[in-house]
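Below is one structure, written out as structure tokens; comments come after it.
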């Protein structure tokens, strides 16, 4: 019984990672499942959203620069 159990356990230990590797590398499954899920979670950006984000980043950068400039002028 002990040897048969060990053989079964070793077979299971070796089969599981190989099966997971084989399943994960199926191109059809990857395209159908993973890419679709990725598009659901992170839809493609629209141009106006990207432009708004760039404008917001520019405003933050200018505010930071003005704040640093004011603090540098006060110290001088």
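Residue numbers (this note's numbering): 1023 to 1098. Heads up, the beta-carbon is just placed ideally off N, CA and C, and yes, glycines get one too.
Assigned secondary structure, residue i (DSSP; H/G/I helix, E/B strand, else coil)
i	result
residue 1095	helix
residue 1089	helix
residue 1068	coil
Extent of the continuous alpha helix (DSSP H) to which residue i belongs
i	result
residue 1064	Per DSSP, residue 1064 belongs to no alpha helix (DSSP H) and is neither H nor E.
residue 1026	1024 to 1046
CB contact below 9 Å: residue i versus chain C
i	result
residue 1041	Absent from the structure is chain C; it holds one protein chain and no more.
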